[in-house]
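Residue numbers (this note's numbering): 21 to 358. In this text, a Cβ means the ideal position worked out from N, Cα and C, and glycines have one as well. Predicted model, so just to flag it, every value in this text is computed and none were measured.
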Ligand code: TXA
Ligand code: MG
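If you want it as structure tokens, here you go:
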């Protein structure tokens with residue numbers, strides 16, 4: 021199959037592919053998604069096949085507005101408060117659904133479903149033009165970093181999907197915050213993202229919990245996707261201690277002198293090592309900018325390096341999502357620790 025690269029003028033053509041049961045990758049503010057008609061069982065099955073994704077890992081249903089969710093679920097007060105505050109945006113909300121309203125291949129056999137309204141006009145237009153709602157896992161091969169450009173999607177899925185809607189690099193760069201609303205008294209973040217625990221708590225006026233399985237990776241977590249080894253480049257990713265400067269990176273480069281090392285760090289660090297391959301996380305230490313470039317950097321450095329030394333941030337606020345992904349990519353490996 022030839023994979024077409026479309027721009028925003030190609031939305032109608034992309035919608036025709038969706039209506040015909042084909043797969044189209046769509047842009048969002050977080051990462052590129054792999055879209056299919058959520059109500060077409062054969063199309064949803066193709067998504068798992070194209071990604072090589074385990075079939076017990078449920079999908080997010082992407083909608084163009086709150087009203088589209090009513091077909092599948094009762095909209096709880098928590099859902100309405102949070103969507104008013106954060107939709108369209110990088111917040112995925114899990115609700116109990118009407119039995120049978122979505123197929124088992126969408127929900128992974130759970131009695132709940134994840135819903136999200138992405139903040140991207142091209143994709144909102146695609147959903148409307150398709151006349152349906154779209155499943156949309158990240159458009160990467162399972163186990164690879166999520167794609168933040170159309171080129172990343174092409175690299176992983178060319179020949180396997182009908183089209184990619186190219187709207188340039190994504191702004192946030194990490195997948196949405198996933199919040200479980202299925203126990204209204206105990207709202208729980210299953211995956212940290214750009215919308216933080218404290219922002220959610222402020223809007224809800226009560227505590228928001230973090231799934232402890234986010235920390236204890238060995239147990240079966242609530243979000244089925246969290247149990248798989250994600251974001252795993254072939255290179256060894258090594259986390260530098262928080263606040264590391266050029267002198268710390270120089271020491272680590274010495275320690276790995278016999279390896280092909282790449283640096284994933286801000287410009288202030290990279291300019292100190294002009295002869296070492298590097299990928300910029302931004303002009304200076306900033307978790308928002310670092311989040312935007314993390315996956316692109318892992319993909320690029322992984323092509324040529326055996327070891328990637330990566331900048332880190334405090335595991336809080338926006339740094340929590342970056343550190344969650346980086347800890348997985350590095351399998352928890354800090355410089356100086358075994
Ligand atoms: O930013 C994003 O969320 C991107 C863009 C494309 O929207 N999508 C994305 O989808 O990251 P995916 O499939 O790669 O990740 C969805 C996560 C998985 O960890 C999955 O297990 C979890 O959400 N999930 C989905 N439905 C669930 C449910 N009903 N209960 C618990 N976890 C669920
Ligand atoms: Mg994914």
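Taking only three categories from DSSP, how would you classify residue 231? Correct three-state label for residue 231: coil.
With a threshold of 16 other CB atoms inside 10 Å of the CB of residue 195, please say whether the residue is buried or exposed. Residue environment analysis places residue 195 among the buried positions, since at least 16 neighbouring C-beta atoms fall within 10 angstroms of its C-beta.
Are residue 1 and residue 58 closer than 7 angstroms when you measure CB to CB? This structure leaves residue 1 out entirely; the chain is present only between 21 and 358.
Name the DSSP beta bridge partners of residue 56, please? For residue 56, the pairing in a beta bridge is given by DSSP as 155.
If residue 252 sits next to residue 349, beta carbons under 8 angstroms apart, how far is it from one beta carbon to the other, in whole angstroms? Taking the Cβ atoms as the reference, residue 252 lies roughly 6 angstroms from residue 349, within the contact range of under 8 angstroms.
Beta-carbon contacts of residue 39 that lie in its chain and below 8 angstroms, excluding the five residues immediately before and after: Excluding sequence positions up to five before and after residue 39, its CB lies within less than 8 angstroms of the CB of 57, 150, 151, 152, all in the same chain and listed in chain order.
I'd like to check one pair, residue 119 with residue 192: are the Cβ atoms closer than 7 angstroms? One thing to note: residue 192 has its Cβ no nearer than 7 angstroms to the Cβ of residue 119.
Label residue 347 either buried or exposed according to how many other C-beta atoms from any shown protein chain fall within 10 Å of its C-beta, with 16 as the threshold for buried. Label assigned to residue 347: buried.
Given a threshold of 16 other Cβ atoms within 10 Å of its Cβ, counted over all protein chains shown, does residue 87 qualify as buried or as exposed? Burial state of residue 87 is exposed, judged by a 10 Å Cβ sphere holding fewer than 16 other Cβ atoms.
Rounded to whole angstroms, how far is the Cβ of residue 49 from the Cβ of residue 139, which I believe are closer than 8 angstroms? About 4 angstroms separates the Cβ atoms of residue 49 and residue 139, confirming a contact at the 8 angstroms cut-off.
From 259, 310, 102, 266, residue whose alpha carbon lies closest to that of residue 329: Here the closest residue by C-alpha is 259.
Name, in chain order, the residues that DSSP records as bridge partners for residue 259. DSSP, once it has assigned bridges, lists 330, 354 as partnering residue 259.
DSSP bridge partner residues for residue 82 (one or two, in chain order): Note: residue 82 sits in a beta bridge opposite 136, 154.
Give the secondary structure of residue 183 by DSSP, where H, G and I count as helix, E and B as strand, and everything else as coil. The three-state reading of DSSP puts residue 183 in strand, counting E and B together.
For residue 284, which three-state DSSP category applies? In the three-state scheme derived from DSSP, where H, G and I count as helix and E and B as strand, residue 284 is classed as strand.
Residue 183: CB within 6 angstroms of a non-hydrogen atom of ligand 1: No, ligand 1 has no heavy atom inside 6 angstroms of this Cβ.
Assuming residue 307 is part of the alpha helix (DSSP H), what are its boundary residues? Where residue 307 is concerned, the enclosing alpha helix (DSSP H) stretches over 307-324.
Assess, as a yes-or-no matter, whether the stretch 221-232 is touched by the stretch 114-130 under the definition of 3 or more beta carbon pairs within less than 8 angstroms. The stretch 114-130, when compared against the stretch 221-232, does not touch it at the 8 angstroms Cβ threshold.
What is the residue span of the beta strand (DSSP E) that residue 300 lies within? Where residue 300 is concerned, the enclosing beta strand (DSSP E) stretches over 298-300.
Between the alpha carbons of residue 355 and residue 272, how many angstroms are there, rounded? When rounded, the distance between both Cα atoms is 7 angstroms.
With the cut-off set at 7 angstroms, would you say residue 200 and residue 128 are in Cβ contact? No, these two residues do not count as a Cβ contact at 7 angstroms.
Could you check what DSSP says for residue 200 in three-state terms: helix, strand or coil? The answer is strand: DSSP assigns residue 200 an E or B state.
Mind checking residue 160: buried by the 16 CB within 10 Å criterion, or exposed? The Cβ neighbour count for residue 160, taken over all protein chains shown within 10 Å, is at least 16; the residue is labelled buried.
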